[in-house]
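Visitor: In our numbering, the protein residues as written are 1018 to 1068. Where is the CB? At the ideal position from N, CA and C, for every residue including glycine.
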Amino acid sequence: MTRQPIVEAALVLADGEVFEGEAIGAEPEGGVATGEVVFNTVLSGYQEVIT
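#1: Express the C-alpha separation of Phe1036 and Gly1048 in angstroms, rounding to a whole number.
#2: Using C-beta distances below 7 angstroms, list every residue in its chain close to Leu1030, excluding the 5 sequence neighbours before and after it, in chain order.
#3: Give me, in chain order, the residues of the same chain whose beta-carbon lies closer than 6 angstroms to that of Val1024; leave out the 5 immediate sequence neighbours on both sides.
#4: Which residue from Glu1065, Pro1022 and Leu1028 puts its Cα closest to that of Glu1053?
#5: What does the alpha-carbon distance come out to for the pair Ala1050 and Val1066?
Right, here's the structure in full:
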């Protein structure tokens, strides 16, 4: 298994707050992606959260 290079990323919220980290998965064309953040604390049923 080859290691992929670490890609730096930032999560920017609507209020302007920025969280820096590392990106995983496919790199979007143009380097910008949109999505949603899900917070869940249950120990079972997490499959439903990620689908």
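Guide: Short version:
#1: 16 angstroms
#2: none
#3: Ala1040
#4: Leu1028
#5: 20 angstroms
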